[in-house]
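Residue numbers in the first sequence follow the working numbering, run continuously in steps of one, and reach 551 at the last position.
Note that beta-carbon positions come from the ideal geometry of N, C-alpha and C, so glycine has one too.
One structure is given here, and the rest of the page talks about it.
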Amino acid sequence: MTELSSPFLTTLEERGFIHQCSDLEAVDALASKGELIAYVGYDCTASSLHVGSLISIMMLHWLQTTGAGRPIVLLGGGTTRVGDPSGRDETRKILTLDQIEANKAGIQKVFDRFLKFGEGAKEGTTVDNAEWLAPLNYIDFLRDVGRHFSVNRMMTMDSAKLRLDREQELSFIEFNYMLLQAYDYVELARRQGCNLQMGGSDQWGNIVTGMDLGRRMGTHQLFALTCPLLTTASGAKMGKTASGAVWLNEDQLSAYEYWQYWRNTEDADVVRFLKLFTTLPMKRINELATLKGAEINEAKKVLATEATRLIHGEEKASQAENAAQKTFEAGVHADDLPSVSISTAELAKGLGVLNAFVQAGLVKSNGDARRQIKGGALKVNDTAVTDDSQILSDSDITEDGVIKLSFGKKRHVLMRPQ
RNA sequence: GGAGGAGUGCCCGAGUGGCUAAAGGGGGCGGACUGUAAAUCCGCUGGCUAUGCCUACGUUGGUUCGAAUCCAACCUCCUCCA
């Protein structure tokens with residue numbers, strides 16, 4: 134491997150961020166001079182990003198904090214209207230413009246946690262590619278950009294090949310995604326002097342295509358840098374919890390649950406994740422890496438708290454840690470657990486357990502609740518529910534003034550009478 | 001445009017008149033074991049005012065005591081031909 138000298142690339146390298154790079158030496162040189170202007174694109178397919186996007190966000194973060202250059206966050210308000218076929222068997226469903234706008238607003242929020250935005254030379258900017266993609270004229274685009282693309286080559290690229298090989302539909306609109314992303318890179322090069330595009334390894338093809346287009350259209354030299362895609366040591370795709378994806382926005386996944394997600398990391402992944410998802414110094418991580426067996430749990434707690442602190446802040450992170458400590462280790466009720474409120478009047482009348490668990494959002498229906506009771510999964514105030522006709526009333530309120538509902542060993546909700 | 005084939009639960013996939021809320025697998029969830037881990041084993045994996053009722057096998061109608069299964073039309077996808 135090339136000898137790296139810039140703080141930026143040495144950091145990425147030792148923390149396991151680098152998957153492929155078009156020219157490590159050149160990027161290293163630019164980083165050393167603080168002249169990198171790097172972007173990562175995020176499509177607006179949901180109202181929040183999830184942990185899968187976190188690696189690339191961290192790359193932008195390191196870019197800025199190591200002084201290597203200026204980060205650009207590209208929100209794909211334009212490309213989302215088209216849909217990226219990379220790594221997908223099926224066509225993404227077409228979103229309405231309103232949905233895309235709403236998603237964009239949701240996604241944007243998370244970046245303030247990781248990047249400093251502003252006018253300064255090293256401060257970040259956010260752009261929306263709809264700005265230049267939406268007004269494009271089809272004929273002009275074909276003449277200026279389309280002529281540089283070989284269909285023969287496009288069909289051999291992974292994003293298209295996967296579909297073709299499996300004889301899955303690849304619509305023309307998706308086939309064009311590659312052109313648009315390539316064009317984005319050229320636009321950013323021209324508008325902002327952008328010289329590096331980063332992303333997940335599945336974006337390699339799209340990024341390189343953009344570099345190539347830049348060369349043909351006469352921009353300065355462009356570079357590509359990708360990070361590995363996230364999988365757990367046992368091979369599962371990352372980013373799933375009982376309740377769905379691991380969202381970064383708090384309105385979609387509470388800080389408590391986010392903390393729990395990281396706390397439940399597999400042993401074999403802890404060190405790797407500490408490097409990728411926290412900003413702890415390597416020295417500290419290497420210390421944690423020496424832990425063995427059950428001690429690894431300490432490292433997991435550090436991981437959980439650090440990762441949570443990065444996106445939800447110090448206070449939320451320690452609250453989550455605290456709640457977990459009380460719940461799992463001290464075995465006492467924690468006020469910081471997720472909670473739902475219930476009217477005192479309703480409780481006075483008597484509330485069926487099934488209904489209670491549904492209201493708490495721990496099970497999805499009464500039938501589900503019944504099945505879980507049979508399986509011994511539901512607990513009220515830490516006592517297993519055995520009778521599905523059990524009624525909760527005032528007498529179930531603990532000294533802490535709540536009723537604790539548990540689903541399995543890990544998911545708890547406090548019901549607060551109000 | 002012509003000929004043939006296919007559409008089943010979160011996904012894959014069996015089922016070709018009643019015994020089918022639908023085999024099997026995957027995924028997911030829960031339990032046991034542990035360390036809030038992994039691996040393993042076991043259970044669950046439409047809804048409800050629940051010994052019954054409702055919704056479900058692309059859509060809409062029809063045949064029948066009874067349909068995912070038969071018929072018709074429509075929609076979507078695939079293959080071959082032009």
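CA-to-CA, the gap between Leu362 and Arg544 works out to about 28 Å. For the pair Val473 and Lys433, the CB atoms are not nearer than the 8 Å cut-off. DSSP places Ala401 in the helix class (H, G or I) of the three-state scheme. When secondary structure is reduced to three states using DSSP, Ser472 falls in the strand class.
Looking at the backbone, the Cα of Glu264 and that of Glu252 are separated by about 19 Å. Gly509 and Thr460 have their C-alpha atoms some 19 Å from each other.
Distance from the CA atom of Ala489 to the CA atom of Ala517, rounded to whole angstroms, is 14 Å. Taking C-beta separations shorter than 6 Å and ignoring five residues to either side along the sequence, the partners of Phe247 in its chain run Ile190 and His194, following chain order. Ranked by Cα distance from Ile240, the options Val496, Leu187 and Ser292 are led by Leu187. Judged by their CB atoms, Ser539 and Asp515 are nearer to each other than the 8 Å cut-off. In the DSSP assignment, Ala357 is bridged to Gln330.
In the DSSP assignment, His194 falls within the unbroken alpha helix (DSSP H) covering Val184 to Thr198. Pro471 sits close to Tyr389, with the two beta carbons spaced by under 8 Å.
Taking 8 Å as the upper bound for CB-CB distance, Ile536 and Gly485 are not in contact here, some 13 Å apart.
With a threshold of 16 other beta carbon atoms within 10 Å, Leu275 falls short and is exposed. For Gly209, the enclosing beta strand (DSSP E) begins and ends at Gly202 to Gly209.
Per DSSP, Met415 is one residue of the alpha helix (DSSP H) stretching across Met415 to Ala422. Gly343 and Gln330 do touch by the CB rule: their CB atoms are close to 6 Å apart, below 8 Å. The residue from Ala293, Leu196 and Cys154 with its alpha-carbon nearest to that of Thr359 is Cys154. Rounded to whole angstroms, the Cβ separation of Phe141 and Leu196 is 6 Å, and the two are in contact under 8 Å. Here Thr258 has Ile205 as same chain residues with Cβ atoms under 6 Å from its own Cβ, once five neighbours each way along the sequence are excluded. Separation of Lys507 and Gln336 (C-alpha to C-alpha, rounded to the nearest whole angstrom) is 46 Å.
Per DSSP, reduced to three states, the secondary structure at Met548 is strand. Straight through space, the alpha carbons of Gly279 and Glu307 are spaced by roughly 15 Å. In the structure shown, the three-state DSSP call for Leu511 is strand. Gln153 is bridged by DSSP to Thr359. If you ignore the 5 residues before and after Gln551, its C-beta comes within less than 6 Å of the C-beta of Ser474, all in its own chain and listed in chain order. Under DSSP, Asp176 takes part in a beta bridge, and its partners are Gly209. For Thr342, the secondary structure class from DSSP, reduced to helix, strand or coil, is helix. Excluding its 5 nearest sequence neighbours in each direction, Arg203 has C-beta neighbours in its own chain below 6 Å: Ile170 and Lys255, listed in chain order.
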